[in-house]
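Visitor: Listed in order, the protein sequences are those of chains V and B. Going by numbering that gives the first Met the number 0, the first sequence runs without a break in its numbering and finishes at 729. Going by numbering that gives the first Met the number 0, the second sequence runs without a break in its numbering and finishes at 185. Every residue, glycine too, gets a C-beta built ideally from N, C-alpha and C.
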Amino acid sequence: MNHKGITRRTFLKAAGGAATALSASGVFGFEEWKKKSYASAIEKIPTQCQGCCANRCGIYAYVKNGRIWKIEGNPKAHNNVGSVCPRGHGYIHELYDPDRIKQPLKRTENGTFTPVSWEQAFREITMKLNLLIMDHGPQSLFWLQYPLANAPLVFRFMHALGSPNTISHGTTCFVARNGAFKMTSGGLPDNDLKNSKYIIIIGRNPCGGIKLYQMKDLVEAKEKGAKIVVVDPRHNETAAIADEWLSIKPGTDLAFLLSMLNVIINEELYDLEFIENYTVGFDNLLDEIIMYPPEWAEKVCDIPKEKIYRIARELASHAPTALIHRGYHGAYGAGYINSFQTARAVAIVNAVIGNYERSGGLFMPYKAKLGSLQEGGHPAPGIPTAPKADGAGIPGRYPVASYSNGISHAVPELALAGELKAGFIYHTNPVRTNPNPKRVIAGYKKLDLLVTIDCVISETAALSDYILPESFYLERDDSVDTVHGGKKAQITLVQKVLDPMHDTKPLFEIIKGLSTGLGVSRFFNFTQDEYNQLKLNPLGISLTDLKREGVIETGEEWKEGFKPCKTPSKKIEIFSDRLEAWGIAPLPRWREPLVSPDPDDATSFRLLHGKQSVHTNAMTANIPILMEMSRHYNMIRLWMNRERGERLDLKDGDLVIVESDIGRGEIAVKLTEGLHPSAVWLPSGYGVFSKYLHTAKNIGLSYNDFVPTYFDPIVGHAMTSEVIVRVKKV
Amino acid sequence: MENMRQKKKWAMFIDATKCVGCHACRIACQNQNAITPKEYYNRIEEQEFGKYPDYNRRFFPVQCQHCDNPPCVTVCPTGASYKRDDGVVLVDIDRCIGCKYCILSCPYEARIVNEEHGYVHKCRFCIEFVESGESPACMTTCPTGVRVFGDLNDPQSEISKIVTTKKPEKFRKDLNTDPSIFYKKV
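(1) Between A109(B) and chain V, is any beta-carbon pair separated by less than 7 Å?
(2) Examine chain V for any beta-carbon lying closer than 7 Å to the beta-carbon of R146(B), and answer yes or no.
(3) Helix, strand or coil for G448(V)? Go by DSSP, reduced to three states.
(4) Note down the Cα distance separating D651(V) from S612(V), rounded to an integer number of angstroms.
(5) Taking only beta-carbon positions, decide if V218(V) is within less than 7 Å of chain B.
(6) Output, in sequence order along the chain, the residues in the stretch 205–236 of chain V whose CB is closer than 7 Å to any CB in chain B.
(7) Would you tell me roughly how many angstroms separate the C-alpha atoms of A678(V) and N129(V), rounded to the nearest one?
(8) Going along chain B, which residues have a C-beta under 7 Å from P623(V)?
(9) Less than 8 Å between C-beta atoms, sequence neighbours within five positions excluded: which residues of the same chain meet that for L131(V)?
(10) Below 6 Å CB to CB, which residues in the same chain sit around K569(V) once its five sequence neighbours on both sides are set aside?
(11) When you check each C-beta in the stretch 82–94 of chain B against every C-beta of chain V, which residues fall closer than 7 Å?
(12) Does the Cβ of D14(B) have 16 or more other Cβ atoms within 10 Å, making it buried, or fewer, making it exposed?
(13) Could you spell out the range, first to last residue, of the beta strand (DSSP E) harbouring L160(V)?
(14) Could you tell me which chain V residues have their CB closer than 7 Å to the CB of K17(B), listed as they occur along the chain?
(15) Run through the DSSP bridge pairs and tell me what V724(V) is partnered with.
(16) Is G699(V) closer than 7 Å to L670(V) when the C-beta atoms are compared?
(17) In three-state terms, what does DSSP make of V26(V)?
(18) In the DSSP assignment, find the alpha helix (DSSP H) that holds Y212(V) and state where it starts and stops.
(19) Would you call P114(V) buried or exposed, if buried means 16 or more other Cβ atoms sit within 10 Å of its Cβ?
(20) Are the beta-carbon atoms of I161(B) and F12(B) separated by less than 7 Å?
(21) Look up P232(V) in the DSSP assignment and give the residues it is bridged to.
(22) Can you give me the Cβ contacts of L473(V) inside the same chain, cut-off strictly under 8 Å, excluding the 5 residues immediately before and after it?
(23) Which of the three DSSP states is assigned to A60(V) in this structure?
(24) Are the CB atoms of P142(B) and M133(V) within a distance shorter than 7 Å?
(25) Can the beta-carbon of R203(V) be found less than 7 Å from the beta-carbon of H324(V)?
(26) In terms of residue numbering, what span does the alpha helix (DSSP H) encompassing I132(V) cover?
(27) Grouping DSSP H, G and I as helix and E and B as strand, with all else coil, what is E127(B)?
(28) Compute the Euclidean distance between the alpha carbons of P154(B) and W9(B), then round it to the nearest angstrom.
(29) In chain order, which continuous runs of the beta strand (DSSP E) of length 3 or greater are located wholly inside the stretch 612–640 of chain V?
(30) If you reduce the DSSP assignment to three classes, tell me which class F112(V) lands in.
(31) Quickly, what does DSSP pair T46(V) with across the bridge? List them, please.
(32) For the stretch 57–138 of chain B, list the alpha helix (DSSP H) runs that are entirely contained and at least 4 residues long, ordered along the chain.
(33) Do three or more CB pairs link the stretch 266–273 of chain V to the stretch 210–225 of chain V at distances below 8 Å?
(34) Using Cβ-Cβ distances below 9 Å, what residues of the stretch 84–113 of chain V are close to chain B?
(35) With DSSP run on the structure shown, which of helix, strand or coil describes D173(B)?
(36) Counting contacts by CB-CB distance shorter than 7 Å, is C21(B) in contact with chain V?
The following block contains the structure:
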């Protein structure tokens, strides 16, 4: 942000003309300031927020005097409906961050980085890679990314080389939930919160781990009289607008759900017509669910049986305009050994009350069907024959893990075992987002070649042999995106708002540059604009129109009525034959978390984590305006139940030592009435240790410093809440 | 312009029961006004109630209340702080000598000192922006629709309807500052 000169008073729009000048700047004379201000044309360019989270909100970028001024939400965009979150507002400042990578860098023998030309970087990287592929095969190469609109280009690149190992960060985030919905209803539905009358949200906090349209819809539903119940060990920010907060014992959400099913089935509150027509395996459920009455569940999950009875009845009585939110990371994204089955239970409760494809229930969001490169005369490379090195989607290994997400935190093991030899990291940071950084560093150091593509030097980039600077999202054109799908499909894109400040390239150009030396340039024989227009062709939309509008709706509007599921039976699979064939419980059955705190040890807690609204993972901690929020509001603290804290002789703000079997750290404690006594809660996004990130480094802790390395046997997720820590006063 | 201004009476309604404390308003405002990370025009106060597990918290957004009886204007020795006919309280930073009397007098702690130049500044209701037909940045970015801004002199405006029908409260009414911001509290 430019804080000098006339930008201190930047309200006047040249186009407005009639705006009133109120006072002069303290630096410039009034007349001079007025002249400059009036002269400064303001450009408003539609684009997409990109890089600080996965929502990819539709925005307008305002440019004044050749600099980014601010962004506003595009009201048409489904994911943000006109709003922008604090992270999005803050992230624009990354453009001017002195910590940005300004040209390609190569690691020197003494561990520092030296600038090199793009030509040299491409030449050296591809030479090394060609040799590694020759010696070890293309399956020894991986690409780990935070998946954005360009992800299909990455798959194309990797497939052209013959490697199946394109991986996302998913196993540390959401894969247990996605896998469960895929097995049950054939894909991840959306919640029609706006039209719902009864909403249960379990271990998900759309007001902290921000989902702007959901925040808007929750408030709208509430104004129309909906009841909102938040089930979370912590009084999260969504609980502040909910009617009821149930502080469940961490890791026991499955018991709560099974018990709700018990009530709904015992009292015949289900939708029999829906069940008979659109589900399979309900009868199998009847046999097992008698084991889980609320009288049992209250002892497991610390929610009184009366509340479980009442909430199950209330949910069913409002059906089909009632739902259990599809969730995300917290309770059943990647947290526990029972996360996959917990998410299955969420899908099944929604099914038995018959809310799929109903207004106020769950529905499959519409996505635009884009055109392919093939139609434009650019044949696709074949799908590699080698299996995924991480075992994702392979029966006998991780059968429910998906091909496109893979198992990100398996990379260090596979590198240490010599199966992976070289890798690209694109806009993610496994050293900070995977459990147990010491193990991750050891693994990544074992690679013969590591190339990171990013805007700043993260912990992972700092280990790399080469760092290729990607242009910031405001400086580049990207691929047509379908992320904004709801009751109507939308297409959006990132388009260049300003010329690159440094010697950086968009990902598309980086892939092109690499493909030449790797002998696969024939697969990238087109421009970004040609690629985008080919994608748009079947929709009858021109790239020019999309660039002008930023967001365009396409296709038909969602209507109520069941649509065949992408499951073998085309129905919702309460009982899953596929799971049974793989030796996995075909119905959700109660399973204790893998580890639990010692009830006889006053210092023993489960370590939970979650997002604060002002940060995303470790991506935003280096943005000064966002880190200042953390400081100002004293957010960088470990939450602990007040009574537990007082038993340890702690006062609010005291420093504590947190220790697990693998890690140790010091942090201030926040004593609160808003947390289950058995857990401590650490906000994610802190604990940056890259010496190249000057704002963020050495502030706070990351939960990953304490979490051992686990692989869930079904989906392969990291089970990042299966960790017990001991907390003591310093 | 003078005539136009006399016809307006800008006011804001803040429904604190909808606020989830995401802080988008503060950063949108900082960008809009091109101010530094440490200087801010609005803030959110967190209030807690009850004992575990019967516990709740609320978020309470605070900014300059644009009082009709503004103590900051009364105490300002140079006339830098002034009240416009349209209800907006502003600081003429060329007249401000940085004495900070206004900061001491403001019961809402809504004013800050510019670190670089020493003058006092604060929320301006994005007035130039508003006069060109737009709305304040804190309002337009809010995902839960906490704020409503408009002209109290226009009986058809949303703000007029809210003030008439919902009988919102004023913050620290006992102080007789008569704010232009109306609240729905817990």
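Guide: So, from the data block:
(1) Start at 1 with the first residue of the second sequence, and residue 109(B) comes out as number 110. With a threshold of 7 Å between beta carbons, A109(B) makes no contact with chain V.
(2) Mapped onto the second sequence, residue 146(B) falls at position 147. Chain V contact via Cβ: absent.
(3) Within the first sequence, the letter at position 449 stands for residue 448(V). Reading off the sequence, residue 448(V) comes out as Leu, not Gly. In the structure shown, the three-state DSSP call for L448(V) is strand.
(4) For the purposes of this step, residue 651(V) is identified with residue 652 of the first sequence, where counting begins at 1. For the purposes of this step, residue 612(V) is identified with residue 613 of the first sequence, where counting begins at 1. Each residue's Cα considered, the two are about 22 Å apart.
(5) Your numbering for residue 218(V) matches position 219 in the first sequence. Chain B contact via Cβ: present.
(6) Listed by position along the chain: C206, I209, L211, M214, K215, V218, H234, E236.
(7) Locating residue 678(V) in the first sequence gives position 679, counting from the first residue. Locating residue 129(V) in the first sequence gives position 130, counting from the first residue. Their backbone Cα atoms lie some 50 Å apart in a straight line.
(8) Against the first sequence, residue 623(V) aligns to sequence position 624. Here the neighbours are P36.
(9) Here the question's residue 131(V) lines up with position 132 in the first sequence. Answer for L131(V): S139, L140, K420, A421, D447, L448, listed in chain order.
(10) The residue labelled residue 569(V) in the question sits at position 570 within the first sequence. Excluding residues up to 5 positions away in sequence, P563 lie with their Cβ nearer than 6 Å to the Cβ of K569(V) in the same chain.
(11) L89, D91, I92, D93
(12) As a working mapping, residue 14(B) is identified with position 15 in the second sequence. D14(B) is buried by the Cβ-count criterion.
(13) On the first sequence, residue 160(V) is found 161 positions in, with the first residue counted as 1. Looking at the DSSP string, L160(V) is not in any beta strand (DSSP E); the run it does join, the alpha helix (DSSP H), is 150–160.
(14) Taking the first residue of the second sequence as 1, we reach residue 17(B) at position 18. What K17(B) touches in chain V: V218, I240.
(15) Here residue 724(V) refers to the residue found at position 725 when the first sequence is read from its first residue. In DSSP, V724(V) forms a bridge with F604(V).
(16) As a working note, residue 670(V) is residue 671 in the first sequence. As a working note, residue 699(V) is residue 700 in the first sequence. Cβ atoms of L670(V) and G699(V): not closer than 7 Å.
(17) The sequence position of residue 26(V) within the first sequence is 27, counting from 1. Its pLDDT being 47, under 50, V26(V) is placed unreliably by the model, and nothing is read from it.
(18) Reading the first sequence from its first residue, position 213 is the one you call residue 212(V). Where Y212(V) is concerned, the enclosing alpha helix (DSSP H) stretches over 211–222.
(19) Walking along the first sequence from the start, residue 114(V) turns up at place 115. By the neighbour-count criterion, in which a residue is buried when 16 or more other Cβ atoms sit within 10 angstroms of its Cβ, P114(V) is exposed.
(20) By one-based count along the second sequence, residue 161(B) stands at place 162. By one-based count along the second sequence, residue 12(B) stands at place 13. Result yes, Cβ atoms of I161(B) and F12(B) sit closer than 7 Å.
(21) Reading the first sequence from its first residue, position 233 is the one you call residue 232(V). P232(V) is not bridged to any residue.
(22) Residue 473(V) sits at position 474 when you count from the first residue of the first sequence. Excluding positions up to five away in sequence, the list reads T46, A60, I67, I91, L94, K495, V496, L497.
(23) By 1-based counting over the first sequence, the position of residue 60(V) is 61. The answer is strand: DSSP assigns A60(V) an E or B state.
(24) Residue mapping note: residue 133(V) aligns to position 134 of the first sequence, counting from 1. Residue mapping note: residue 142(B) aligns to position 143 of the second sequence, counting from 1. No, the pair does not count as a contact, with Cβ atoms beyond the cut-off.
(25) The residue you call residue 203(V) lines up with position 204 of the first sequence. The residue you call residue 324(V) lines up with position 325 of the first sequence. For R203(V) and H324(V), yes; Cβs fall inside 7 Å.
(26) Walking along the first sequence from the start, residue 132(V) turns up at place 133. I132(V) -> alpha helix (DSSP H) spans 117–135.
(27) Your numbering for residue 127(B) matches position 128 in the second sequence. Secondary structure at E127(B): helix, using DSSP grouped into helix, strand and coil.
(28) Sequence index remark: in the second sequence, residue 154(B) carries index 155 (1-based). Sequence index remark: in the second sequence, residue 9(B) carries index 10 (1-based). One C-alpha to the other measures close to 12 Å.
(29) 637–640
(30) For the purposes of this step, residue 112(V) is identified with residue 113 of the first sequence, where counting begins at 1. In this structure, F112(V) counts as strand in the three-state DSSP scheme.
(31) Taking the first sequence and counting its residues from 1, one reaches residue 46(V) at position 47. Answer by DSSP bridge pairing, in chain order: I58(V).
(32) 70–74, 100–104, 126–130
(33) no
(34) Under the 9 Å Cβ criterion, the stretch 84–113 of chain V contributes C84, P85, R86, G87, H88, G89, I91, H92.
(35) Within the second sequence, the letter at position 174 stands for residue 173(B). Reduced to three states, the DSSP call for D173(B) is helix.
(36) Along the second sequence, one-based indexing puts residue 21(B) at 22. By this cut-off, C21(B) is an interface position.
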